[in-house]
Each structure stands twice: as C-alpha cells, then as structure tokens.
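Those protein sequence lines, which keep their order, are chains W and R. Residue numbers for the first sequence follow my numbering, so the first one is 104 and each next one is one higher. Residue numbers for the second sequence follow my numbering, so the first one is 12 and each next one is one higher. Backbone N, C-alpha and C fix where the C-beta goes; we use that ideal spot for every residue, glycine too. Note that the structure is a prediction, hence the values are computed from the model and not measured.
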Amino acid sequence: MTTGTPNDDLPLMHEVAELIVSALNLEVAAGDIDPDAPLFGEGLGLDSIDILEIAMVISKRYGFPLRSDNEDNVRIFSSLRHLTQHVAANRQQ
Amino acid sequence: MMVATDAYPLIDYPDLDRVMLYRPGERITAGRFLAEAQYLADLLVGLQPDRPPTAAPVLNLCQDRYRFMVGLAAAAQSGNVSLLPSNHADDTLRHLLECFPDTVCLHDQVEWTLPAPQLAYPTAVPALSSAEAIPAVAGAQQVAFVFTSGSTGRPVPHAKTWGKLVRNVRGAQTALGLDGAVSIVGTVPPQHMFGLESTVLLCMLGGCPLWSGRPFYPADIVAALAEMPEPRMLVTTPFHLQSLLDSGLAIPPIAHLLLATAPLDRALAERAERQLAAPLREIYGCTETGQIATRRPVESLDWTLFPGVLLEVDPLPDDQAADATESGVFRASGGHIEVPIRLADRLDVLSDGRFRLLGRLADQVNIAGKRSALSALTAQLKEIPGVTDGVFFQPDPLPDQAIPRLCALVVAPERTRAEILSALRLRVDPVFLPRPLILVDALPYNETGKLPRAQLQARLDRYRESLKP
C-alpha cells in the first residue's frame with residue numbers, strides 16, 4: 104500500500120518525518136520519505152543508534168516512552184506510516 | 012567437587028539453589044542453568060554425530076543473554092570453543108565460517124542463510140532436574156574467539172582461555188570494588204568483550220545475578236531494573252546513559268554504574284552520579300586485551316590499571332613513526348592479557364603508574380563504541396564490484412550530532428549510491444555505513460599519491476553546500 108488511507112493523519116506523518124530528518128541530519132527531505140519503506144536496513148538505512156535517537160525525540164515531543172517488549176516494536180519502526188500510527192495512538196501531548 | 016589446580020569451576024555458585032538469572036516472570040537457579048547447559052551440549056554434539064565433540068566450534072549468535080550464556084557454558088564444558096563476532100554482517104560471518112569450517116551456529120531469533128549446520132535454541136526445554144555438581148574447565152582451554160577487523164577488513168580471531176577469563180573477572184572485582192554480589196542489567200551485547208566480561212562472566216564467575224534481556228529504550232532499562240533485587244549495577248554505554256537521564260522516567264535505585272566503549276564526557280558523569288546517586292566507573296580496554304583499566308571520572312580522569320597489567324612503550328619502525336606520538340606506541344601485557352597487544356590509543360603514563368588517554372592513533376575510529384580502522388573499511392569498500400576507487404574518512408563533527416558518522420567518497424561510474432550502500436551493508440557493521448556516501452569522478456590525491464584529510468573534508472563541505480536549497 105503506497106497511498107494514504109482514511110485513517111492516516113498526514114500532517115502528523117509529515118511532522119514525524121521532519122523530526123526524523125532533523126534528529127539524524129539525514130540528506131533527504133521529509134516529504135521524500137516513502138511512508139511504506141522500511142526505516143531500518145534497506146529503505147532509509149537507519150541503524151539501532153538512530154532508532155534510539157528517534158525514540159528520544161518522539162518521547163519528548165509526544166510525551167510517551169517507547170518500549171521494546173511491546174510486541175509491535177518491530178512493526179512500529181517498519182515504516183514511517185506505522186511509526187506515525189503508533190504516535191497517534193499513544194501520544195499524551 | 013575436587014578441581015585440579017589447572018582447572019576452574021564453570022560457575023562460582025557454592026549454593027546451586029541460588030538465583031542466577033532473571034527474566035520476565037521467571038527465576039533461574041544455578042543448578043537449572045547447569046542442567047540446561049548439559050542439555051544443550053548434548054544437542055550440539057548430536058548435530059554432528061560423526062565428529063568428536065572437540066571438532067566443532069560454536070558460533071554463538073544468541074541475542075538473549077541467558078541463552079548466550081548457556082551456549083557459552085555448553086561449549087566450554089564439552090571442550091569446544093565459542094566464536095563471538097561483535098558484528099553480525101553477513102560477509103563477516105561467512106569469512107568466519109571459512110576460517111572455522113566445522114562450525115555449528117547457535118541462534119535464538121532468525122534462521123541465518125549461512126553455509127553451516129544450525130541449531131535454533133529450543134523454545135521449550137524439557138523439565139530438567141537441577142545439576143548437583145559444577146563442571147570444571149581447564150585453565151588453558153580456549154573457550155572463546157573474539158574478533159577484530161584486520162587491515163583488510165577480514166575478521167581476525169583472538170583466543171580467550173578459561174584461566175585468563177577467571178583472572179579477568181577477579182581483577183574486575185578488585186578494581187571496581189565489587190566486594191559482594193550485585194544484580195546486573197546490561198544494555199550491551201554479550202558477544203562484545205565489554206558485555207561478555209561485565210555481564211556474562213561477572214554472572215558466571217562473580218556470583219552476580221543477571222537480567223536475561225537486552226533493554227534498549229530508557230523505559231526498558233527502568234522495567235528491567237525494577238525486576239532485579241538490590242543492590243543493582245547498570246552496565247551500559249554513554250549513549251544509553253544519556254537517553255536514560257534525559258527520559259525523565261523514575262529510575263529504581265542503582266548502586267553501581269559501569270560504562271565503556273567510549274570515554275565519557277565529565278559533565279555527563281557528574282550529572283549521572285548526581286541524578287542516580289551511584290558511583291560511575293568506566294572501563295578502558297579493547298577486544299584483544301579485554302578490560303585493562305578503570306576510572307571514576309568525578310574523582311579523576313586518569314586511568315588505573317587492573318591488577319598485574321603492565322604498559323610498555325613499543326618502539327616502531329621508522330616508516331610508521333608518523334603514526335606514533337612523541338611518547339610512542341604502548342603495548343599492554345601481564346595480568347589476564349593473553350599475549351602482549353599494541354594499543355590503538357595514544358597515552359601519557361604518569362609517574363604513579365596511572366595513565367591519561369590522549370586520543371587515538373591515526374586510522375582508528377570509534378563510532379558509538381564500535382572500533383574499526385578506516386583502512387579496513389576502505390578495503391571493504393574497494394572490494395565491491397563496480398567500485399574502482401574509494402576512501403572512508405571521519406569528518407569534522409556537526410554541532411548538534413550526538414554520534415559522529417563516517418563519510419565515504421566513491422568512484423563507481425556504473426553503480427548507484429543505493430547499490431553500493433546495499434553491498435556495504437553486507438560487509439560492515441551498520442554504524443560504519445557512510446553518511447553521506449558521495450559519488451565522485453576521482454579522489455583528491457596529492458602529488459605524493461596520498462589523500463589529505465583536509466581535501467576529503469573540503470569535498471564533503473562542497474557536497475553539503477550543494478544540497479542547500
């Protein structure tokens with residue numbers, strides 16, 4: 104699935120993309136991140152250090168901690184879309 | 012049991028009913044651990060029925076600290092060696108299997124597409140009766156090979172014998188002032204020398220109960236600490252510590268903080284001691300030597316050597332003198348060190364025997380605690396088909412960058428950036444992947460055929476400038 108779904112919060116997705124790009128000094132524009140490409144490995148090519156950095160800014164910005172014993176952890180970082188959905192479901196602020 | 016003078020018990024738990032391992036909702040006693048190690052040892056031997064058990068090294072890829080530890084013990088007690096690569100890049104593992112052809116792979120997560128027999132750690136281990144005796148392992152037995160990347164980028168094995176590892180743990184207990192058992196939560200992988208010594212071996216040989224998981228996010232670390240009895244020790248890296256302190260979460264009481272992999276900024280050490288009300292000690296060492304010195308940064312930035320460890324200046328041949336400093340290159344030996352090892356850092360040894368770290372020798376990089384040589388990474392890059400020339404270098408740090416990253420300039424007329432990155436991902440640890448990888452027509456060689464770092468940095472600066480809108 105590469106198009107938006109009615110449940111997607113597109114402004115939030117863009118905001119999360121901006122957070123990732125600025126936290127990691129990535130060379131891509133936020134708008135150029137494919138919402139369904141994997142954040143790990145092939146897609147954006149992030150590693151576990153990056154994931155922890157993103158987790159820190161996500162926790163600060165949206166007021167909830169990420170946990171890796173959450174069964175969804177792999178899914179959460181599988182794409183920008185999933186990360187955005189996780190933020191939308193858990194945000195406290 | 013009686014132990015010959017040249018042998019040491021596999022674990023140091025006089026009472027086998029004592030809890031050795033904690034995992035969510037489960038407590039594992041020393042007796043149960045020994046029984047499971049014997050069970051796994053039998054499974055490993057059963058994989059290769061035609062071979063004597065001593066012929067099969069075990070590539071231990073287990074992520075779970077308990078399963079890793081059972082694998083290590085199972086191999087050691089049946090006279091086998093465990094292979095512990097610190098990165099699991101596909102290419103690294105394949106080269107390692109070429110060097111150790113009869114290897115059996117032990118894993119607990121995914122099937123690896125590796126040309127070797129594999130054993131998935133059993134998800135359901137049958138009920139076993141607790142062991143009643145502790146096996147002994149000969150002091151001279153090689154129980155592990157840990158790996159560094161050599162100048163060509165190929166993994167180079169370093170043997171660790173049981174006797175020296177026992178001595179290593181005794182040295183740590185003395186140097187760190189761990190006079191009783193502490194319960195340990197570690198964020199570092201067990202295959203890495205720091206994780207092996209400060210979590211797995213302190214548990215087996217120091218009587219310190221261990222958390223089986225590898226907590227990642229701050230909230231995971233807090234949850235793991237909460238499951239462990241006091242007094243607790245957190246074994247972690249500067250980066251994980253920083254994120255824990257920044258998280259704003261309520262952290263259960265910690266009695267000891269133990270850090271390694273990269274020298275800690277003094278302000279962060281002071282903040283950690285204040286916020287967590289625990290002494291913070293750092294470990295200095297490398298894969299080849301293991302831990303050899305410690306310091307408590309709030310008291311002194313100078314490092315104190317572990318018992319028996321010696322530092323000597325090593326004269327260098329003239330053609331390498333440019334890499335050395337006025338004070339020379341140092342060699343560490345003695346104590347638990349297997350063979351004398353040249354250190355990759357520049358040191359200043361003080362009159363009282365302590366030393367100060369001055370920086371790394373040229374060519375050595377440390378990214379988020381992982382060490383490599385730029386020359387090794389460059390060699391890996393140049394091996395990629397279609398890459399006609401290339402070089403890795405460490406750029407000047409960006410102001411707001413928590414972890415500095417490497418840059419690579421690559422000449423590869425027929426290949427795309429994505430193709431080269433995919434090929435590199437198979438060869439090197441992800442933390443060393445270049446960010447950015449810049450495709451160029453030619454490298455900026457000077458008239459003597461060298462690549463001045465300033466020229467490489469200038470090329471990166473021009474690239475960044477070109478990206479600005």
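{"Item": "Using 8 Å for Cβ pairs, my map puts threonine 1 (chain R) next to alanine 131 (chain R). What's the rounded Cβ distance?", "Value": "Given that chain R is displayed from residue 12 to residue 480, the structure contains no residue 1 (chain R) and the question cannot be resolved."}
{"Item": "Would you tell me roughly how many angstroms separate the C-alpha atoms of asparagine 1 (chain R) and valine 154 (chain R), rounded to the nearest one?", "Value": "Since the first residue shown for chain R is 12 and the last is 480, residue 1 (chain R) is missing from the structure and cannot be characterised."}
{"Item": "Do you know how far the Cα of phenylalanine 143 (chain W) is from the Cα of valine 119 (chain W)?", "Value": "16 Å"}
{"Item": "Pick helix, strand or coil for tyrosine 228 (chain R), following the three-state DSSP scheme.", "Value": "coil"}
{"Item": "Beta-carbon of proline 441 (chain R) versus every beta-carbon of chain W: anything under 7 Å?", "Value": "yes"}
{"Item": "State buried or exposed for tyrosine 165 (chain W), treating a residue as buried only when at least 16 other CB atoms are found within 10 Å of its CB.", "Value": "buried"}
{"Item": "If you draw a straight line from the C-alpha of threonine 389 (chain R) to the C-alpha of phenylalanine 404 (chain R), how long is it?", "Value": "9 Å"}
{"Item": "Of all the options R:Arg277, R:Ala149, R:Val246, R:His251, which has the alpha carbon lying nearest to the alpha carbon of aspartate 267 (chain R)?", "Value": "The sequence as given places histidine at residue 267 (chain R); aspartate does not occur at that position. Closest option to histidine 267 (chain R), Cα to Cα, is R:Val246."}
{"Item": "Using a Cβ-Cβ cut-off of less than 9 Å, list which residues of the stretch 443-460 of chain R approach chain W; keep chain order.", "Value": "Leu444, Arg446, Pro447"}
{"Item": "Grouping DSSP H, G and I as helix and E and B as strand, with all else coil, what is asparagine 71 (chain R)?", "Value": "strand"}
{"Item": "Between R:Arg473, R:Val376, R:Ala384, R:Pro96, which has its C-alpha nearest glycine 206 (chain R)'s C-alpha?", "Value": "R:Pro96"}
{"Item": "Grab the span of the beta strand (DSSP E) containing aspartate 113 (chain R) for me, first residue to last.", "Value": "Per DSSP, aspartate 113 (chain R) belongs to no beta strand (DSSP E) and is neither H nor E."}
{"Item": "Output yes if chain R places a C-beta closer than 7 Å to the C-beta of serine 182 (chain W); else output no.", "Value": "no"}
{"Item": "Say whether chain W places a C-beta atom closer than 7 Å to the C-beta of tyrosine 228 (chain R).", "Value": "yes"}
{"Item": "Should glutamate 121 (chain W) be flagged as near chain R, meaning a C-beta pair shorter than 7 Å?", "Value": "no"}
{"Item": "Are the beta-carbon atoms of glutamate 156 (chain W) and alanine 132 (chain W) separated by less than 7 Å?", "Value": "no"}
{"Item": "What distance in whole Å lies between the Cβ atoms of histidine 169 (chain R) and threonine 298 (chain R), which are believed to be in contact at a cut-off of 8 Å?", "Value": "6 Å"}
{"Item": "Hey, how far is the Cα of arginine 382 (chain R) from the Cα of isoleucine 352 (chain R)?", "Value": "16 Å"}
{"Item": "With respect to the beta strand (DSSP E) encompassing glycine 301 (chain R), which residues constitute its N-terminal and C-terminal limits?", "Value": "301-306"}
{"Item": "Alpha carbon to alpha carbon, how far is aspartate 17 (chain R) from valine 160 (chain W)?", "Value": "53 Å"}
{"Item": "List the endpoints of the continuous beta strand (DSSP E) containing arginine 357 (chain R).", "Value": "356-360"}
{"Item": "Under a CB-based cut-off of 7 Å, is isoleucine 262 (chain R) close to chain W?", "Value": "no"}
{"Item": "Give the residues from the stretch 339-364 of chain R that approach chain W closer than 9 Å (Cβ to any Cβ), ordered along the chain.", "Value": "none"}
{"Item": "With distances taken from CA atoms, which of R:Ala289, R:Ala67, R:Val233, R:Tyr228 is nearest proline 112 (chain R)?", "Value": "R:Ala67"}
{"Item": "Any idea what DSSP makes of tryptophan 173 (chain R), helix, strand or coil?", "Value": "helix"}
{"Item": "What distance in whole Å lies between the Cβ atoms of threonine 315 (chain R) and threonine 300 (chain R), which are believed to be in contact at a cut-off of 8 Å?", "Value": "At roughly 15 Å, the Cβ-Cβ gap does not stay under 8 Å, so threonine 300 (chain R) and threonine 315 (chain R) are not in contact."}
{"Item": "Let me check understanding here. Comparing Cα to Cα, which of R:Ala373, R:Gln49, R:Ser433 lies closest to valine 136 (chain R)?", "Value": "R:Gln49"}
{"Item": "Can you confirm whether isoleucine 179 (chain W), when its beta carbon is compared against all beta carbons of chain R, has any partner nearer than 7 Å?", "Value": "no"}
{"Item": "Could you compute how far the alpha carbon of lysine 175 (chain R) sits from the alpha carbon of valine 320 (chain R)?", "Value": "12 Å"}
{"Item": "Return the Cβ separation of leucine 21 (chain R) and isoleucine 145 (chain R) in integer angstroms, given the expectation that the two are a contact with Cβ distance under 8 Å.", "Value": "6 Å"}
{"Item": "For a contact meaning CB atoms closer than 7 Å, what does proline 141 (chain W) contact in chain R?", "Value": "Those do not exist, as proline 141 (chain W) stays about 12 Å from chain R at its closest Cβ, beyond 7 Å."}
{"Item": "Expressed to the nearest angstrom, what Euclidean distance is found between the alpha-carbon atoms of histidine 347 (chain R) and asparagine 179 (chain R)?", "Value": "5 Å"}
{"Item": "What are the residues in the stretch 185-196 of chain W lying within 7 Å of chain R by C-beta distance?", "Value": "none"}
{"Item": "Would isoleucine 265 (chain R) and alanine 289 (chain R) qualify as a contact pair, given that the criterion is a beta-carbon distance under 7 Å?", "Value": "yes"}
{"Item": "Closer than 6 Å by C-beta to serine 93 (chain R): which residues in its own chain qualify, once you throw out the five before and the five after it? Chain order, please.", "Value": "Val69, Asn71, Leu83, Ala86, Ala155"}
{"Item": "Under the three-state reduction of DSSP, which class applies to alanine 335 (chain R): helix, strand or coil?", "Value": "Summary for alanine 335 (chain R): the model assigns pLDDT 46, below 50, so the residue's position carries little reliability; its value from the coordinates is reported in the next sentence. Alanine 335 (chain R): coil per DSSP, three-state reduction."}
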